Amino acid sequence: MEPGRCARWVMLAAAGTALGACGDDGATPRDASPDTPAMCGGVTPFTGDIVDWDSTEASFCGVFGAKWTVRSDAACTSSTPPNGRFQLQIPRQPQTVVDIAPPAAASGCPGLGGMLYQLPGVAIASDAVIAGGGAFSARAMVQGRVTSMFTQIGQPLDTSRGQLVVHVGGTPRAVSISAGHAATQRFDGTSWAAGDTGRDVLFPNVDLSGGAVTVTMTGASVGTGSYTLEAGKLTYIAVIAN
1165 MEPGRCARWV MLAAAGTALG ACGDDGATPR DASPDTPAMC GGVTPFTGDI VDWDSTEASF
1225 CGVFGAKWTV RSDAACTSST PPNGRFQLQI PRQPQTVVDI APPAAASGCP GLGGMLYQLP
1285 GVAIASDAVI AGGGAFSARA MVQGRVTSMF TQIGQPLDTS RGQLVVHVGG TPRAVSISAG
1345 HAATQRFDGT SWAAGDTGRD VLFPNVDLSG GAVTVTMTGA SVGTGSYTLE AGKLTYIAVI
1405 AN
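Spelled out as structure tokens, the structure:
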């Protein structure tokens, strides 16, 4: 999800307004709500999307068929339509863990036919970010992109370590974490390159031996703090740069 695209929708949902399309240009397939929104026991609407690793505004591609499940409520699930959107009701608490199972089918994105999204994911929803109108967006890599991305990083994927993706709302500023990791990569809305300031920031091969990881940002922010990563999975969080 690109910055601001659904922040208004999240805030309306939190106020109890009926959920609908979240685009500024009408209910196109890209902007439509999930096909089967989950009606769970939680009281806080948690919405967003999961898109291909290299998806851009000009060449958007959602991840179809990813299954999002609230870890504390296995009956609370949402499978993404072609635009990659999800919608869940989660408990009102500081953090809620949501497991993301990759689609069984191959990616439908141009140039990726036949390749699978194989890395499982974990989304950690921050109540403060939701209350602040922050957008949540995850990015998934097909297997071939995992290889090329970690070649760019300079070392192979280490499944005994964690992989953290931070989605940044507002004007991007430098993001850092307390644990050791491989070379940080950032997405600027067009492409991935080395750096710690972008719309999305990847911390690859994070050392988990010290327990929870502290995420910080230059200047005032919402959603930074302590997060528990899991080995062999992409962990996604969202922060707001104030």
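Numbering (my numbering), first residue to last: 1165 to 1406. Even glycine gets a Cβ: it sits at the ideal position worked out from N, Cα and C. Note that the structure is predicted; figures quoted are calculated from it, not measured.
- From the listed residues G1334, I1264 and I1254, the smallest Cα separation to G1383 is found for G1334.
- No Cβ-Cβ contact shorter than 8 Å links G1344 with F1351.
- Under the three-state reduction of DSSP output, A1270 falls in the coil class, being neither helix nor strand.
- Under the criterion of beta carbons closer than 8 Å, V1329 and R1303 qualify as touching, at roughly 6 Å.
- S1373 counts as exposed, since fewer than 16 other C-beta atoms from the protein chains shown sit within 10 angstroms of its C-beta.
- Per DSSP, reduced to three states, the secondary structure at Q1282 is coil, with no helix or strand assignment.
- In this structure, the CA atom of G1278 is about 14 Å from the CA atom of D1216.
- Within the same chain, and ignoring the five residues on either side of Q1319 in sequence, the residues whose Cβ sits closer than 6 Å to its Cβ are A1346.
- With a 10 Å radius around the Cβ and a threshold of 16 neighbouring Cβ atoms, Q1253 comes out buried.
- Between L1283 and M1313, the C-beta gap is not smaller than 8 Å, which leaves the two residues out of contact.
- Remark: C-beta atoms of S1290 and I1401 approach each other more closely than 8 Å.
- In this structure, the straight-line span from the alpha carbon of V1332 to that of E1221 is close to 16 Å.
- For S1312, the secondary structure class from DSSP, reduced to helix, strand or coil, is helix.
- Pairing S1390 with T1378 gives a Cβ-Cβ distance under 8 Å.
- Annotation: D1213 to N1247 spans about 8 Å, alpha carbon to alpha carbon.
- Shown here for G1229: same chain residues with a beta carbon closer than 8 Å to its own, the five before and five after excluded, namely S1243, T1244, P1267, A1268 and A1269 in chain order.
- Per DSSP, Q1319 has no beta bridge partner at all.
- CA-to-CA, the gap between V1293 and I1404 works out to about 7 Å.
- DSSP, read as helix, strand or coil, puts D1371 in coil.
- Spatial neighbours of S1271 in its own chain (CB-CB distance under 6 Å, excluding positions within 5 residues in sequence) are listed in chain order as M1279 and V1306.
- DSSP places V1227 outside both helix and strand once states are collapsed to three, so it counts as coil.
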